[in-house]
Amino acid sequence: MTIEVPETKYDYKNYTQGPIAYPVQKRSQRIDIGDGLVMRWSTREDADNVADCMAEAFRWMPGAEIVKEDERPGPHAIVHAAMKRLLHGNHGVMTEFDYALVENTLAKEGENPIVACICLHACSGYYGKVRLVYGKPECVGTLPEYRNRGLIRRLFHEMIHPASDSRGDLIQILPGIPHFYLQFGYEYACRDRTPLIIETPLTVLPDLDPTSKKGQNGDLVPDETLFALRAPTLDDIPYLVKMSTPERLLNQAKIGLIYDEAYWKYTAFECWRTQSCKYDTPRTTRIIVDPKTGRDCGIATINVRKIPVLHIFTLEEGYQYRDALYPVLRQLIHIISQPTPWELKQQQQQQKEKQADEKQEQNKQDNKKEAAVENVEAKEDNKPNSPAPAQSEKKIQTLGIALDYQHPIAQLLESKSKLSSFELRFYTRIFSYAKFILKVAPELEDRLAKSCLAGITVTWQFDFFRKVVGSAGRGLEIVFKEGKIVSATDDYVPLSNDAKMLAARKRIALAKAEGRPDKKPLIFSAEFAPLSFTKLLVGEKSLEQMLEHYAEASVSDPDEGTGHEAKMMLNILFPKQQFHMDTFWW
């Protein structure tokens, strides 16, 4: 089975077209790599072993457990829960068949047979007005005793990349260990938006403190005259999709990921339905309601994995963000400060177990007659269960704002916040520049049509010096005819000076034989270090920054020493961009 990648031009105002078709049965690929190790794809039955493998591999990554510097942390509980979710079969970006595994077929009883693994996500995204599917290798790990054997390299090159490329993913992105993934054909290019951070938000912004709006019984009193919040249902998914397009989010980014139907079905419904531990619901979404009319008027999403981070806050036209800011955020903070429904059930179950233990202990110590004992038991059974002790509210020490910097909420809170010191950059792999260029041609042609170079006919020749891991060729040639891209190839190799001379002679001779004046074709050329063109292509660096950063980088026009027109065209096609990436996929 393959993922269906829409080939049509994408409407920027309608980011819902194009289904992602995931595999519906176990993949048959199986590769014997020696020493009893086999590479294969996962099934749901692998969930526990994969979770144990990854929790051990990520044991030392900071997480839920706080340990002293001279103590050894336990397996990573948050990662363990995430792997179980990914392989449950209802996730929004992968199925239970999308984890590439290394299995030790000689594992002894009690040993984990899964020793290394990488999963492959499919994320809906966009490049300007063109819809794309971003392949996203994720959750990469190896048990310590199996490291430095090249297992991850083989999983990438023999399973993950072929699977991603064959289903039509023209770009792959992943966050991860610094420097590590450069060896597999990736380049730092795409990045996540650095969030704004508000320290001690309930002190800095007293109006966000839920306790300031509590009634006599301690319950939260919402601003009923302004806005109320409600939990979404499956019937609300179309509304959530409609309200979370880049346009609705007031998003300035021209490259990024999309909150599609699969995302909303999972994060707003499925993960809550199948929650099995406290780490399974890292995102809380609420629909904003106008109490005066009872109509839905917006949505808001807050991530609560590490610190609360506001990812989505969008209102229907006619409503003011200044009016909604504090009422909505105050209610969101109150919601995430409370135990989840699953946590409440766990508390109730623990209370019942405690009562049962106490009852059993009492019966052991009771030396009365059997009839008296039965009487005591009857009385105990008729007693109502004591309510589970209320979990203390989770204190909100820090609040993050991950909205576009021009979003009204970000602007309203700008004076109270500062940029986070943490910047997340994504490794990016575009194996075939030519295929990617042809896919996003509608966007590039649109940029060109709106410029002073509209209608240009030119051949672009890019030299990347050598073919390396992660590239389809050592060069790239793009042919524009009257402002339209008519061809692109990764097979371009610069001609030698002698070859250029002979080609010129042939062209001139042909013109003479046909009785017409010779016309030299317009050719622009550029040189960039291997894989570095990815940074320009996605807009992570401007052309000026590329030329400054890479000593071997150059742009030239054969008829003009400065290459002014050639540089102008590259700036038009590939301007520096903002990104809208996200890390919710675990």
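The sequence shown begins at 1 in UniProt numbering and counts up one residue at a time.
From the three backbone atoms N, C-alpha and C, an ideal C-beta is built for every residue, glycine too.
What does residue i pair with, by DSSP beta-bridge criteria?
{"i": "E187", "result": "T428"}
{"i": "Y321", "result": "None, per the DSSP bridge assignment."}
{"i": "H121", "result": "K136"}
{"i": "Q360", "result": "Answer is none; Q360 lacks a bridge partner."}
{"i": "residue 621", "result": "Missing from the structure shown is residue 621; the chain here goes from 1 to 586 and no further."}
{"i": "T398", "result": "E199"}
{"i": "L174", "result": "Y427"}
{"i": "Y126", "result": "R131 and G256"}
{"i": "I478", "result": "W460 and A488"}
{"i": "D32", "result": "V38"}
{"i": "A116", "result": "V102 and T142"}
{"i": "R230", "result": "I287"}
{"i": "R295", "result": "D290"}
Decide if residue i is buried, meaning its Cβ has at least 16 other Cβ atoms within 10 Å, or exposed.
{"i": "M61", "result": "exposed"}
{"i": "L354", "result": "The question names Leu, yet the displayed sequence has Lys at residue 354. Classification for K354: exposed."}
{"i": "T203", "result": "exposed"}
{"i": "E544", "result": "exposed"}
{"i": "F524", "result": "buried"}
{"i": "A503", "result": "exposed"}
{"i": "P521", "result": "exposed"}
{"i": "S471", "result": "buried"}
{"i": "M39", "result": "buried"}
{"i": "K506", "result": "exposed"}
{"i": "I152", "result": "buried"}
{"i": "residue 596", "result": "Past the edges of the chain, shown from 1 to 586, lies residue 596, and the structure says nothing about it."}
{"i": "D236", "result": "buried"}
{"i": "D518", "result": "exposed"}
{"i": "V133", "result": "buried"}
{"i": "E96", "result": "buried"}
{"i": "R44", "result": "exposed"}
{"i": "S496", "result": "exposed"}
{"i": "V468", "result": "exposed"}
{"i": "E138", "result": "buried"}
Report the three-state DSSP secondary structure of residue i (helix, strand or coil).
{"i": "Y259", "result": "coil"}
{"i": "A504", "result": "helix"}
{"i": "H311", "result": "strand"}
{"i": "P449", "result": "Note on residue identity: the sequence assigns Ala, not Pro, to residue 449. Reduced to three states, the DSSP call for A449 is helix."}
{"i": "H439", "result": "As written in the sequence, residue 439 is Lys, which differs from the His given in the question. Note: K439 maps to helix in three-state DSSP."}
{"i": "C277", "result": "coil"}
{"i": "Y492", "result": "coil"}
{"i": "D52", "result": "helix"}
{"i": "V79", "result": "helix"}
{"i": "R516", "result": "coil"}
{"i": "I237", "result": "helix"}
{"i": "L87", "result": "coil"}
{"i": "D46", "result": "helix"}
{"i": "D463", "result": "strand"}
{"i": "E109", "result": "coil"}
{"i": "K254", "result": "coil"}
{"i": "S525", "result": "strand"}
{"i": "Q347", "result": "helix"}
{"i": "I485", "result": "strand"}
{"i": "V469", "result": "coil"}
{"i": "Y550", "result": "coil"}
{"i": "N104", "result": "strand"}
{"i": "R149", "result": "coil"}
{"i": "Q545", "result": "helix"}
{"i": "H580", "result": "strand"}
{"i": "T534", "result": "helix"}
{"i": "S244", "result": "coil"}
{"i": "F574", "result": "coil"}
{"i": "L419", "result": "strand"}
Can you round the beta-carbon distance between residue i and residue j to whole angstroms, since I take them to be within the 8 Å contact cut?
{"i": "H107", "j": "Q578", "result": "The sequence given here places Ala at residue 107; His does not occur at that position. Not quite, the Cβ-Cβ distance comes to about 47 Å (not below 8 Å), so this is no contact."}
{"i": "C119", "j": "Y99", "result": "4 Å"}
{"i": "L332", "j": "R286", "result": "7 Å"}
{"i": "Y259", "j": "S244", "result": "4 Å"}
{"i": "L170", "j": "F436", "result": "5 Å"}
{"i": "L573", "j": "I430", "result": "The Cβ separation is near 15 Å, so there is no contact."}
{"i": "A526", "j": "Y550", "result": "Not really, about 11 Å apart at Cβ, beyond 8 Å."}
{"i": "residue 596", "j": "V555", "result": "What is shown of the chain runs 1 to 586, which leaves residue 596 out entirely."}
{"i": "A402", "j": "H334", "result": "Going by Cβ atoms, the distance from A402 to H334 rounds to 20 Å, so no, they are not a contact pair."}
Does residue i have its Cβ less than 9 Å from a Cβ in chain C?
{"i": "F533", "result": "Protein chain content of the structure displayed is limited to a single chain, and chain C is not contained in it."}
Next item on the list: Give a yes or no on contact between the stretch 72-82 and the stretch 48-57, applying the rule of three or more CB pairs nearer than 8 Å.
Entry: yes
Notebook entry, point to check: Using 8 Å as the Cβ pair cut-off and three pairs as the minimum, do the stretch 409-429 and the stretch 168-188 touch?
Noted result: yes
Next item on the list: Mind the definition here: the stretch 323-330 touches the stretch 286-303 only if three or more C-beta pairs lie below 8 Å; say whether that holds.
Entry: yes
Next item on the list: Give a yes or no on contact between the stretch 394-408 and the stretch 193-209, applying the rule of three or more CB pairs nearer than 8 Å.
Entry: yes
Next item on the list: Indicate whether the contact test is met: 3 or more Cβ pairs, each with one atom in the stretch 227-234 and one in the stretch 452-459, closer than 8 Å.
Entry: no
Notebook entry, point to check: Using 8 Å as the Cβ pair cut-off and three pairs as the minimum, do the stretch 178-192 and the stretch 152-161 touch?
Noted result: yes
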